[in-house]
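Student:
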Amino acid sequence: MTNSTIFGIMNWMWIGSAMKSLGEVARLLDFLKSDQFHKEDLKGFNIRAETNHLDDILKADAEELPTAQDGWQEIDINIQVPDGLRHPNPDNIPTFSVPGLHLWKVTKVIKSSIHDGGTHCFHYMPFKQFWQPSPDQEPERIYDELFSTDTFIDEHTKIQQQPAEPGCTLERVVAGLMFWSDLTHLANFGTASL
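Quick note: the sequence shown uses the working numbering, first residue 333, plus one each step.
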């Protein structure tokens, strides 16, 4: 990078959470208050040019880069692919090899999210919501979020009923995770996607 100020800005932008939390902003403020920050170094600063410069550095040093500090790992996996035939020996099932798959262990995702300072936005106490259209009608249950589902509420109850770890005074909660895949919708009609 050109100087310590630009390095600090780029480091804050690309390192850490994609959703900047209080912890992330605190790290930025620490940098802005440090001796490494010089406002005059930002004269002519162009975020796109600096990002391209960073990309060039990373491409050149890709072989020498250490494992990412945020927990990404690279592994090779083999996936058994159904072929419509019966295979008495599981070793005979056709296998598709995927080298260089990048993954982040779910437990590390949870720990990182909790330690990142954004936990004030999480719902740890499940609840049911109801809407009553008018006083003479029965209330209707609202299903809108993971933390208001029967399953989440049941799991929360099970955890509270378990004996506490000896000497532990931490609250016991369910860490709700939602998984999805980004899809490309192919048209304004139908359900075709990539």
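A virtual CB, placed ideally from N, CA and C, is assigned to each residue, including glycine.
Bear in mind the structure is a predicted one, so any value in this text is a computation, not a measurement.
Looking at C-beta atoms only, is the number of pairs between the stretch 432-441 and the stretch 405-416 that lie closer than 8 Å three or more?
Tutor: Yes: at least three Cβ pairs fall under 8 Å.
Student: Which whole runs of the beta strand (DSSP E) in the stretch 372-431 are 3 residues long or more, in chain order?
Tutor: Taking only runs of at least 3 residues, the beta strand (DSSP E) segments lying wholly in the stretch 372-431 are 405-412.
Student: Roughly how many angstroms lie between the CA atoms of residue 484 and residue 466, to the nearest whole one?
Tutor: Distance between the alpha carbons of residue 484 and residue 466 is about 29 Å.
Student: Among residues of its own chain, excluding the 5 on either side of residue 399, which ones have a beta-carbon nearer than 6 Å to its beta-carbon?
Tutor: Since pLDDT at residue 399 reaches only 47, below the 50 mark, its modelled position is unreliable, and no value is offered.
Student: Label residue 446 either buried or exposed according to how many other C-beta atoms from any shown protein chain fall within 10 Å of its C-beta, with 16 as the threshold for buried.
Tutor: Result: exposed.
Student: Tell me which residues share the same chain as residue 426 and place their Cβ nearer than 6 Å to its Cβ, disregarding the 5 neighbours each side in the sequence.
Tutor: Once the five neighbours on either side are set aside, the close Cβ partners of residue 426 are 413 and 415.
Student: Can you tell me which of 497, 344, 367 and 480 puts its alpha carbon nearest to the alpha carbon of residue 382?
Tutor: Checked all of 497, 344, 367 and 480; the closest Cα to residue 382 is 344.
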